[in-house]
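Data block below; observations after.
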Amino acid sequence: MAIDDLFSLVKSLTAAEKRYFKLYAQTHTSGSEATNYLLLFDAIDKQAEYDEEAIKKKFRKEKFVAQLTFTKNVLRNKILDSLCSYLGGGKDSTIEFDMRQALNHLTALYRKGIYPQMEKDLKRLKKLALDYEMPQYTLQLLPWERRLLLDQTDKNISAQLEEMIEEETRALTLLQNNALFKQLHDRLLVSLKVRIRAKDADALTEMEQLLQNPLLQTEDNALSLQAKLHYHEIWSFYHWRAGNFEQMYLHHKQLIALWESNDNIRRELKHEYRKALCNFLNSCHAYKQFADYPPTLEKIRALTANDLPTEIKIFHISFYHELLYYLNTFAIQQGVNAIAPRLQQLNEFKEQIHTSRLLTIYYNITLLYFFAHRFTDALTWLNEILYHPKADARKEVRQTAQILQLAIHYELNNQDILENLHRSAYRSLKNADDLDQFERTLLSNFKKLATTNEFDKKALLACFENFNRELEELLANNPQQHLLGWFEIHTWLKSKITRKPMSEILPALV
C-alpha cells in the first residue's frame, strides 16, 4: 500500500508542533482558507490509517474536495513552513538552520540597498561558518561580500579581493577534503552493512583494499575536525570487523577526544556526538575497558532531550549499557538496585523501543536477578521475553531464555511443570532446526535433575558435577564455538556444586 505523504507528515508531528501549526495557519492564511486547511488537517490527524474516500465523503459539501490533491499539496507545504518557523525559533534550532535563513536575509537587505547591515551580518556569519567548520556556507557568503566590494569603484580593492580569493580557495580545499573522507567513510559503511554477516576472507580483503587509499595513512591528511572524525570512524569500523578490539577502542577514544575539543560542533551535532558515545561504550565492552562506562553513561544522560524520541533513545541506550556494566563488573546487587528506579520509564517507553533492544534489556534484567538468586523476579522478566509477540526479533535471546527457564523453575521447586517445560523447550528447539550437542546436553541433564530425589543430596551433587563436566568437555572440544547460555548455566552449576552465591562465583569464571 502506497504511503500518503501528507498523512505521514501529519502523524510525525508532536503535540506542540500541531498546536503551533494551527496558530500559524490562522495568522498566515485568510479566514475561510485557513478553516478548510484546519478541517482537513484535523480529519487526517484522527485517522489511524489514511483513507481518502472517507475524507471525500466527510467533506463532500466543501468546495476544496473538488481539488483535493491541490489542497493536500498546499496543506503539506504550509505544515512544512510552520515547522521551519517553529524549529527556527525554538530550542531545536541549529546554526545550520540559522545560516540558511540568514542567506535569505542577505538577499532582502541587498534588494533594499541596506549595505551597512549586510556588512555587519556577513562578518558575523563568516565567523560562525569558521567556528562551526561550515566551508559550504563560507562559499555562499563570499559572493555577497565580493559583490559589495566590487560596488566600491572609488577605492583600491585589489588587496581585499586577493584575500577573498585566498579565503575561497581555503574553503574549497576544506570542503573537498571533507567530501573525500566522507566518501571513503560511506563506502566502508555500505560494505559493512552489505557483508556484515560474511564469514569469508573476501569481506575483510575488500575493506583492506579501500584502506590503502593515501588519505587514510595518517590523520594529518584530514584538514578539519569533521574529516578527522571520518578518519577515526573508518579505522574503528575496520578494526571492529577484523576483531582488533584494542585498536577499535583506541580510535573510538580518540573520536571522543575530538568531539570534546570543540564545544561549538559538539552542541551543533549533538545527535552525532551521542552516537559516538554509544559506539565508544560498544568498544569498551568489546575490549573490556569497563572503567570508562560510568563517566560515559553520565555524559549520555547529561545530553538534553528536546523531544520524546530523543528522550526515549537516551533512556534505552543508557539503561542497556548500565545493565551491561553491572553484569560485566559482577556488581550484581548494585545492578539489582538500579532496576527499580528505571521501571516506570521502561514501561512508559517500551512500545517505542526497538524490539531487539527491548528483549536484550529484559534478558539482562533477568540475568541480574538470576545471579542474585532472586528467581521469582528472574522468571517474571524471562516471561516478558518468552511471551513477547515479536520474540523472534532476537532469536538467540529467546532460545537462551527457554534454556534458562529450566534452571529457574528448578530453583523455584516447580517440579510438576519442569518436565513439561523440558518437552516444550526440546520441541521448540527441534522445530527451529537448532538442536545441537549443546542443547542436547542441557536438556538431557535437566531431565535427570527433574527425576532425581531432591532429598538425596549425594545424588543431586553427582548430577550437578556430571552436568558441569559435560559442559566443560563440550566447550573444550568446541573452543571456537560461541555457545549461547553456556556461561549462565555453568555459573549456576558451579554455585550448586560449591554452595556459594553466583555473585561470588562469577569473577573466578572469567
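Residues 670 to 1179 (the numbering used here) make up the sequence shown, in order. Using N, Cα and C, we set each Cβ at its ideal position, and we do this for glycine too.
Residue i vs residue j beta-carbon contact at 9 Å
i	j	result
Leu-794	Met-768	yes
Asn-705	Glu-731	yes
Glu-1065	Leu-1153	yes
Tyr-693	Lys-747	yes
Ile-1158	Leu-1087	no
Tyr-1032	Thr-1069	yes
Leu-857	Phe-914	no
Leu-752	Leu-675	no
Leu-808	Leu-756	no
Leu-1180	Ile-764	For the chain, the structure presents residues 670 to 1179; residue 1180 sits outside this window and is missing.
Tyr-995	Ile-1001	yes
Ile-925	Leu-946	yes
Lys-687	Asp-714	yes
Gln-1084	Glu-1141	no
Phe-984	Arg-1011	yes
Tyr-806	Ile-934	no
Thr-979	His-940	yes
beta-carbon residue i near the ligand NAP non-hydrogen atom, thresh 8 Å
i	result
Ala-945	The ligand NAP is absent from the structure shown, which contains no ligands of any kind.
Backbone CA spacing between residue i and residue j [nearest angstrom]
i	j	result
Tyr-1079	Ser-1113	14 Å
Pro-1170	Ile-903	44 Å
Ser-754	Ala-891	36 Å
Thr-1167	Leu-894	55 Å
Pro-1176	Gln-845	51 Å
Glu-832	Leu-791	15 Å
Lys-691	Glu-721	22 Å
His-921	Asp-871	25 Å
Leu-1073	Leu-1036	9 Å
Glu-877	Leu-1162	44 Å
Leu-885	Thr-838	23 Å
Asn-951	Gln-958	10 Å
Phe-1018	Ala-703	36 Å
Thr-1121	Ala-1128	7 Å
Gln-770	Ser-701	30 Å
His-954	Leu-810	45 Å
Lys-868	Ala-911	Its pLDDT being 49, under 50, Lys-868 is placed unreliably in this model, and the coordinates cannot settle the point.
Leu-1051	Thr-998	22 Å
Gln-923	Ala-828	41 Å
Arg-1109	Asn-975	51 Å
Arg-815	Tyr-900	34 Å
Gln-695	Glu-835	49 Å
Coil, strand or helix - residue i by DSSP
i	result
Lys-868	Because the pLDDT of Lys-868 is 49, which lies under 50, any placement of that residue in the model is unreliable, and the question is left without a value.
Val-1005	helix
Glu-1029	One point to set straight first is that residue 1029 is Thr, not Glu, in the sequence displayed. Helix.
Leu-1081	coil
Gly-912	coil
Asn-1052	helix
Tyr-801	coil
Leu-972	coil
Asp-720	coil
Glu-967	helix
Lys-1169	coil
Arg-1109	helix
Val-679	helix
Pro-1010	helix
Pick from the options that is closest to residue i, judged by C-alpha positions
i	options	result
Asp-961	Ala-685, Lys-982, Leu-1037 and Leu-919	Leu-919
Leu-1144	Phe-1156, Asp-674 and Val-743	Phe-1156
Phe-988	Ala-911, Ala-828, Ile-1022 and Ser-952	Ile-1022
Arg-936	Tyr-907, Lys-968 and Gln-916	Lys-968
Leu-1081	Ala-1062, Thr-1045, Ala-1060 and Pro-1058	Thr-1045
Phe-766	Glu-1134, Met-803, Thr-1121 and Tyr-779	Met-803
His-908	Leu-938, Leu-861 and Ala-974	Leu-861
Ile-981	Ile-1034, Ile-1008, Lys-781 and Leu-1015	Leu-1015
Ala-684	Ile-1030, Trp-813 and Leu-977	Leu-977
Ser-1025	Ile-1054, Lys-824 and Arg-970	Ile-1054
Tyr-779	Trp-813, Thr-1049 and Asp-800	Trp-813
Leu-749	Ser-681, Leu-873 and Arg-1067	Ser-681
Leu-707	Tyr-689, Tyr-719 and Glu-718	Tyr-689
Ser-677	His-697, Thr-698, Ala-717 and Ala-1062	Ala-717
Arg-1063	Leu-1028, Gln-1071 and Arg-970	Leu-1028
Leu-1151	Ala-1131, Phe-1107 and Asn-1137	What sits at residue 1151 in the sequence shown is His, not Leu. Of the listed residues, the one whose Cα sits closest to His-1151 is Phe-1107.
Leu-927	Ala-896, Glu-991, Met-917 and Asp-1105	Ala-896
Thr-887	Glu-875, Asn-948, Ile-672 and Phe-850	Phe-850
Taking only runs that begin and end inside the stretch 1118-1167, name each unbroken beta strand (DSSP E) of 3 or more residues, in chain order. none
Please give me, in chain order, every unbroken run of the alpha helix (DSSP H) with length at least 4 that falls completely inside the stretch 814-899. 827-863 and 870-879
Residue ranges of each alpha helix (DSSP H) run of no fewer than 4 residues wholly in the stretch 899-955, ordered along the chain? 914-928 and 932-937
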